[in-house]
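Working notes for the structure below.
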Ligand code: GDP
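In UniProt numbering, the protein residues as written are 3 to 435.
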């Protein structure tokens, strides 16, 4: 998905516009610390456009002087975004700070759409012509508080989406990325995987702003490893803000089929590991939990089991994810990784037979009667798999309100027991027949 950033000096109304556009969807990443506390990253859609949004105003740069902050936020937006909305404000007109932002945006070669906020009524439109002086062409009048003009603005933004090179790989290529806190060993793991005997690195597919993609073959299949960790080693300007590696990780997750959540075996699980894994789960990606640095852990015969129980306890929502213990440095059990990635991606893309699926559901209903509410019982007519990546099922019922969360969970467990969807989340929706 393309990334749109809103840039502008403080108080022009960036957060208002951001919330107008992404609306309720902000909750998708609500739990990721440092991101949604400031609500800086969210997925938006507007009519048929789908994109991710960054509100640079939400980025906390710390105690830098005013102009330095503005500059820093703009630089971040330039690095991260595909299209930039340059937001100004009709009340104060063109200010020195706006000109400062404009200077930074000139130097980028990203498309910029100029918006003038707080144009709350048509009479105020005559005041927007001054903004041509900023040098970004036609200014779009909008009103965040009244919700005016946003459609025209986003139409203009979306025009630039078409020119973006697509980084989509062929459906048959398995795409995966490694996420986890700094120093858990992601880069070392990438090297260990690519150094494995049977891996043939056929090509470096491309280096985007956010990640290094490496295309390789393993046992006759093609894979792309989307490596965000490697980027840091290049010492880009935005590395000063830790939040950015999180942003990049989110984008890598969006592009992947399988996510390796890497945990440092020496340190155990930390809250931040959970948040990022939660994003992968919500995005419907397959997940493998990788416990790295297992070579330096003091072990007896129960250590692994205890660690595993601890992981299951912390990652209840990832009960389908395989756990592998290994060492990127000694290469011990590195060879278990590729088979797990293959398994998780095959399950992610798997379609089950409709008649078998319906037998499973009918057996489940016979085993555990459907819930009732106010004297009315849920009736299940038919179940259908409507999508893959992840496998998604629609249960046709008499009244979706009657489908209780716990019953849906029960059906999911029955589907898992029957089809072994190891590694992948599955989604279930109820619809009225
Ligand atoms: P990243 O920030 O997640 O990419 O982590 P790096 O791959 O840069 O690794 C951070 C540090 O941990 C480096 O000093 C590595 O040598 C070390 N390291 C990575 N994997 C292992 C491992 O399996 N065992 C041990 N002992 N050290 C490791």
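Virtual Cβ for every residue (Gly too), placed ideally from N, Cα, C. No experiment lies behind these values; they were computed from the predicted model shown.
In this structure, residue 106 lies away from residue 57, with their beta-carbon atoms at least 8 Å apart. Using a 10 angstroms sphere on the CB of residue 298, the tally of other CB atoms stays under 16, which defines it as exposed. The three-state reading of DSSP puts residue 349 in helix, counting H, G and I together.
Between residue 355 and residue 81, the alpha-carbon positions lie close to 45 Å from each other. In the structure shown, residue 174 adopts coil according to DSSP, grouped into three states.
Taking residue 259 as reference, the option from 392, 322 and 275 with the minimal CA-CA separation is 392.
Counting other Cβ atoms within 10 Å of its Cβ, residue 119 reaches 16 or more and is therefore classed as buried. Taking the Cα positions, residue 429 is about 25 Å away from residue 339. A distance below 6 Å between beta-carbons, with the five flanking residues on each side excluded, links residue 16 to the following residues of its chain, in chain order: 8, 10, 57, 59 and 89. DSSP places residue 119 inside the beta strand (DSSP E), whose first and last residues are 114-119. DSSP, reduced to helix, strand and coil, places residue 303 outside both helices and strands of the structure shown, so it counts as coil.
Along the region 90-147, the beta strand (DSSP E) occurs as fully enclosed runs of 3 or more residues at 114-119, listed in sequence order.
For residue 406, the three-state secondary structure derived from DSSP is coil.
A Cβ-Cβ contact shorter than 8 Å links residue 385 with residue 360. The shortest CA-to-CA distance from residue 100 to any of 358, 377, 126 and 68 is the one to 68. In this structure, the C-beta of residue 184 approaches the ligand GDP to less than 7 Å from one of its heavy atoms. In chain order, 350, 351, 352 and 353 place their CB closer than 8 Å to the CB of residue 390, counting only its own chain and leaving out the 5 sequence neighbours on each side.
Check the Cα spacing between residue 292 and each of 187, 218 and 20: the tightest is with 187. In the displayed model, residue 401 falls within coil according to three-state DSSP, outside both helix and strand. Apart from sequence neighbours up to five positions away, the residues of its chain that approach residue 127 with a beta-carbon distance below 7 Å are 121 and 143, ordered along the chain. With contacts defined as CB atoms closer than 8 Å, residue 432 and residue 346 fail to qualify as a contacting pair.
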